[in-house]
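Notes for the one structure printed next.
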Amino acid sequence: MKGGARLLLLLLVVCAPALAAQEPAARVIVQVRSEVGPVPLARVRAGRRAVLSNAQGEAILTLTPGAYRLSVEKLGFATESLPLVVAAGAEMRVQVHLEEVAIETEGIVVTATRTERRIEDEPIRVEVLTREEVEEKLLMTPGNIAMLLNETAGLRVQTTSASLGGANIRVQGLRGRYTQVLSDGLPLHGAQTGSLGLLQIPPMDLAQVEVIKGAASALYGASALGGVINLVSRRPGDERELLLNATSQSGGDAVLWSSAPLGAQWGYTLLGGAHLQERVDLDGDGWADVPAHRRGAVRPRLFWNDGAGRSVMLTVGGTAEERRGGTLPGMVAPDGAPFREELDTRRVDGGLVGRLLVADRWLLSTRASATRQQHEHLFGVVRERDTHTTLFAEAALSGVVGAHAWVGGLALQQESFRGRDVAGLDYRYLIPSIFAQDEYTLGGWATLAASARADHHSEYGAFLSPRLSLLLRPFAEWNLRLSAGTGYFAPTPFTDETEETGLARLLPLEGVRAEQARTASLDLGGVVRPVELNATLFGSSIEGALALRESATRPGWWEIHNLPGRTLTYGTELLARLTAEPFHLTASHTFLRSREPDREAGGRREVPLTPRHSVGVVGMWEEEGRTRLGIELYYTGRQALEENPYRRVSEPYVILGFLAEQRLGRMRVFLNAENLTDARQTRHDPLVRPRRSAEGRWTTAAWAPLEGRVFNGGVRIEF
68 MKGGARLLLL LLVVCAPALA AQEPAARVIV QVRSEVGPVP LARVRAGRRA VLSNAQGEAI
128 LTLTPGAYRL SVEKLGFATE SLPLVVAAGA EMRVQVHLEE VAIETEGIVV TATRTERRIE
188 DEPIRVEVLT REEVEEKLLM TPGNIAMLLN ETAGLRVQTT SASLGGANIR VQGLRGRYTQ
248 VLSDGLPLHG AQTGSLGLLQ IPPMDLAQVE VIKGAASALY GASALGGVIN LVSRRPGDER
308 ELLLNATSQS GGDAVLWSSA PLGAQWGYTL LGGAHLQERV DLDGDGWADV PAHRRGAVRP
368 RLFWNDGAGR SVMLTVGGTA EERRGGTLPG MVAPDGAPFR EELDTRRVDG GLVGRLLVAD
428 RWLLSTRASA TRQQHEHLFG VVRERDTHTT LFAEAALSGV VGAHAWVGGL ALQQESFRGR
488 DVAGLDYRYL IPSIFAQDEY TLGGWATLAA SARADHHSEY GAFLSPRLSL LLRPFAEWNL
548 RLSAGTGYFA PTPFTDETEE TGLARLLPLE GVRAEQARTA SLDLGGVVRP VELNATLFGS
608 SIEGALALRE SATRPGWWEI HNLPGRTLTY GTELLARLTA EPFHLTASHT FLRSREPDRE
668 AGGRREVPLT PRHSVGVVGM WEEEGRTRLG IELYYTGRQA LEENPYRRVS EPYVILGFLA
728 EQRLGRMRVF LNAENLTDAR QTRHDPLVRP RRSAEGRWTT AAWAPLEGRV FNGGVRIEF
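Each step along the sequence shown adds one to the number in the numbering used here, with nothing skipped, and position 419 is 486.
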């Protein structure tokens with residue numbers, strides 16, 4: 068005991084000088100301002116300490132005495148740097164004035180994560196398709212965003228209805244129903260974007276597209292089990308443009324874009340479009356390989372911003388479309404009778420996004436939307452009419468405390484379906500939610516984000532969806548991201564199969580449970596000048612995936628059930644971008660493996676329509692504002708097929724395309740050649756089955772393009 072006391076006394080004697088020499092830390096309060104007022108979410112750094120400014124533009128640093136270089140940076144402003152000498156125990160106030168500068172294209176702010184940080188500062192991996200990429204695809208398909216998304220690594224636009232051209236988005240091999248499509252954070256296209264949703268969204272008014280891959284239910288709820296695609300609209304400028312386009316397959320588009328300020332605080336944008344396509348039978352079998360459609364769409368938006376932290380965006384939209392597929396007039400299916408397939412759609416929607424600075428400290432964000440879709444679907448002689456309604460409201464409060472950027476909020480969503488010609492499938496789901504997110508910045512080398520959402524589904528109960536993401540900066544210009552999350556998907560009557568065959572012979576949902584998923588990813592990205600590199604390793608596990616099977620008790624009827632066991636998916640994405648003005652080269656490779664329980668033979672099988680390898684190479688030469696020349700090549704590997712009478716595994720195929728655009732005064736002329744190799748499924752096998760399948764399908768699943776080689780060209784006229 069005495070020995071211990073002597074040792075403690077000796078330690079105190081030895082350490083006393085060091086303890087006495089340790090000087091008290093100083094408190095540095097940095098006020099960040101611009102010409103219009105405080106600047107929130109600016110990164111303030113001194114040595115290894117870094118914090119974000121709060122809604123009042125204030126950031127507080129606790130520093131040991133010494134000399135520092137204080138730097139303040141924020142997207143849209145020139146970075147400010149100044150020397151700082153800190154005395155022991157002092158409290159210092161420093162004011163930093165930031166000057167606005169033009170935003171470079173590399174400085175991208177993402178909104179899908181709710182914190183609105185620069186993309187390189189987000190711990191959650193967000194891929195952004197910039198306005199430049201949107202414009203490139205606009206010249207290829209002015210009427211929809213399918214090609215824009217399909218040519219993005221890790222995304223695949225999968226045709227779900229060959230007769231009508233319906234499609235959805237598969238994110239990293241997960242089925243399309245798991246992907247939530249938002250417009251400015253609003254579900255304007257419905258809680259579950261149908262197989263034609265992608266084909267009814269023109270890209271003209273998009274500023275950028277944000278993609279979160281993997282379970283994002285912690286951010287956006289049940290429909291985001293596989294990922295989120297957020298379509299960010301353009302803001303008001305002083306622009307008016309008319310695009311006219313015609314294709315070699317009797318198609319055409321006319322799209323009008325107009326935007327202008329309405330005084331100092333108001334502005335508007337307007338999108339209007341008319342799109343048409345005639346039926347095309349490429350293989351001469353009397354069945355339309357390319358269905359016909361006639362569509363009109365209009366979307367005005369009104370913006371208000373007082374420059375002091377308050378803003379509002381209001382939007383309304385309307386779409387009317389008629390689609391015609393199946394046998395051509397005067398032709399018959401293999402059973403000797405004509406089979407027409409038609410779908411008429413009417414959709415109206417409205418939305419609001421508001422922001423308000425509360426007590427000069429917190430930011431209150433509100434979102435609300437309402438969508439109503441009416442369909443009239445004809446399958447041969449069977450007619451199905453229905454109405455889908457989605458109501459959504461959300462309020463979130465966010466702020467910054469030291470190195471923490473936090474968000475908390477409440478949401479309420481109602482989804483309903485009413486069928487006029489089918490019985491027992493109507494539903495009305497009410498889903499109240501509470502969510503929270505915190506991003507903690509550990510100096511300048513790491514950021515940790517934790518988010519969680521609790522939903523109470525009126526039919527399927529309560530669900531908790533957490534997500535954890537970590538951003539590390541091990542070296543200059545290199546980032547490492549790790550992310551893991553969970554999600555769920557509540558059953559509805561709509562799967563890939565029922566969207567193609569209809570609901571007439573589907574039994575009411577009984578004894579099914581929500582699908583639940585776990586996803587994880589590891590992402591490494593950096594720059595080896597002049598090349599930007601990125602590699603991603605991802606995986607997911609879905610428990611109780613929904614599938615369609617024939618009823619054991621009612622032959623000829625079908626039911627939705629949960630598969631036993633798990634659907635396991637894993638893969639890699641590799642991406643390289645080379646920029647050497649005026650040349651740009653992008654190359655990508657995706658490896659994907661997805662296996663699910665085999666409901667017929669037992670054991671496990673490859674998930675159908677999931678290519679093991681996909682490769683894309685895109686080259687572009689551009690003289691800014693005058694000339695654009697591009698060439699692209701895409702390879703799609705073999706895919707397992709299901710219920711195909713001609714083959715069990717698809718053939719690989721290559722697509723080659725060319726694009727040219729030239730400015731002539733206020734007019735730009737463009738020409739695009741798509742699929743020059745004429746890769747087409749009907750070059751290998753018929754699209755039409757020799758006999759109708761048990762569930763009612765006349766066509767096989769589409770595993771390759773159906774439209775073949777296509778040329779299109781037109782003009783863009785600026786006013």
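Ideal Cβ positions, reconstructed from N, Cα and C, are used throughout, including at glycine.
None of these values were measured; they are calculated from a predicted model.
Spatial neighbours of Gly578 in its own chain (CB-CB distance under 8 Å, excluding positions within 5 residues in sequence) are listed in chain order as His628. In the same chain as Pro649, and ignoring 5 residues on each side of it, the C-beta atoms closer than 7 Å to its own belong to Trp688, Glu689 and Glu690, in chain order. Every unbroken stretch of the alpha helix (DSSP H) spanning 4 or more residues and falling wholly within the segment 548-600 is given here in chain order: 563-568. Taking the C-beta atoms as reference points, Val99 is found nearer than 9 Å to Val139.
By alpha-carbon distance to Gly638, the top candidate from Val201, Ala400, Gly221 and Lys141 is Gly221. Non-local C-beta neighbours of Ile212 in its own chain, meaning closer than 8 Å and more than five positions away in sequence, comprise Lys204, Leu265, Ile268, Pro269, Pro270, Leu273, Val276 and Leu298, ordered along the chain. Its chain contains Pro664 as the residues whose beta carbon lies nearer than 7 Å to that of Gly632, once the 5 sequence neighbours on both sides are disregarded; these appear in chain order. Here the segment 325-340 does not lie against the segment 284-295, with fewer than 3 beta-carbon pairs under 8 Å apart. The beta-carbon distance between Asp493 and Phe484, rounded to whole angstroms, is 6 Å. This is short enough to meet the 8 Å contact definition.
Sixteen is the threshold: when 16 or more other Cβ atoms of the shown chains lie within 10 Å of the Cβ of Tyr555, as they do, the residue is buried.
In terms of Cβ geometry, Asn711 and Thr767 form a close pair [threshold 9 Å].
The beta-carbon separation of Thr412 and Arg439, rounded to 11 Å, does not stay under the 8 Å limit for a contact.
With respect to the C-alpha of His164, the residue from Asn121, Arg198 and Val106 having the closest C-alpha is Val106. Using a Cβ-Cβ distance cut-off of 8 Å, the segment 713-721 and the segment 690-703 are in contact, since at least three pairs of beta carbons, one from each stretch, lie closer than that value.
Taken in chain order, no unbroken stretch of beta strand (DSSP E) lies wholly in the segment 459-485 with a span of 3 residues or more. Boundaries of the beta strand (DSSP E) around Val383: Ser378 to Gly393. By the Cβ neighbour-count rule, Phe542 is exposed, with fewer than 16 other Cβ atoms within 10 Å of its own. Looking at the DSSP output, Gln267 bridges to nothing. Rounded to the nearest whole angstrom, the C-alpha separation of Val598 and Asn546 is 15 Å. Cβ contact annotation for Ala155 (same chain, cutoff 7 Å, sequence separation greater than five): Glu90, Pro91, Ala93 and Pro132, in chain order. Asp505 has Trp473 and Ala517 as its beta-bridge partners, per DSSP. Secondary structure note for Lys204: its alpha helix (DSSP H) is the uninterrupted segment Arg198 to Leu205.
Of the residues assessed, Gly732 falls on the exposed side of the cut-off, its CB having fewer than 16 other CB atoms within 10 angstroms.
When DSSP states are grouped into helix, strand and coil, Gln748 belongs to the helix group. Check the Cα spacing between Gly340 and each of Leu537, Glu306, Arg346 and Glu388: the tightest is with Glu388. Between the segment 616-625 and the segment 570-577 there are three or more inter-stretch CB-CB distances shorter than 8 Å, so the stretches are counted as touching. Boundaries of the alpha helix (DSSP H) harbouring Leu216: Ala213 to Asn217, taken from the DSSP string. Contact between Arg237 and Gln247 does not hold, since the beta-carbon distance rounds to 13 Å and is not under 8 Å.
At a Cβ-Cβ threshold of 9 Å, Ala122 and Val111 do not count as neighbours. When Gly417, Ile96, Gly418 and Ser326 are compared, the shortest CA-CA separation from Val153 is found for Ile96. Excluding five sequence positions before and after Pro328, the CB atoms of its chain that fall closer than 6 Å to its own CB belong to Pro303 and Gly334, given in chain order. In this structure, Leu659 lies away from Gly281, with their beta-carbon atoms at least 9 Å apart. With fewer than 16 neighbouring CB atoms inside 10 Å of its own CB, Arg115 falls in the exposed class. Taking Arg223 as the centre and dropping the five residues before and after it, the same chain places the C-beta of Asn217 and Arg237 closer than 7 Å to its C-beta, in chain order. Between Ala463 and Leu477, the gap from beta carbon to beta carbon is short of 9 Å. Around the beta carbon of Tyr245, a 10 Å sphere encloses 16 or more other beta carbons of the protein chains shown; the residue is thus reported as buried.
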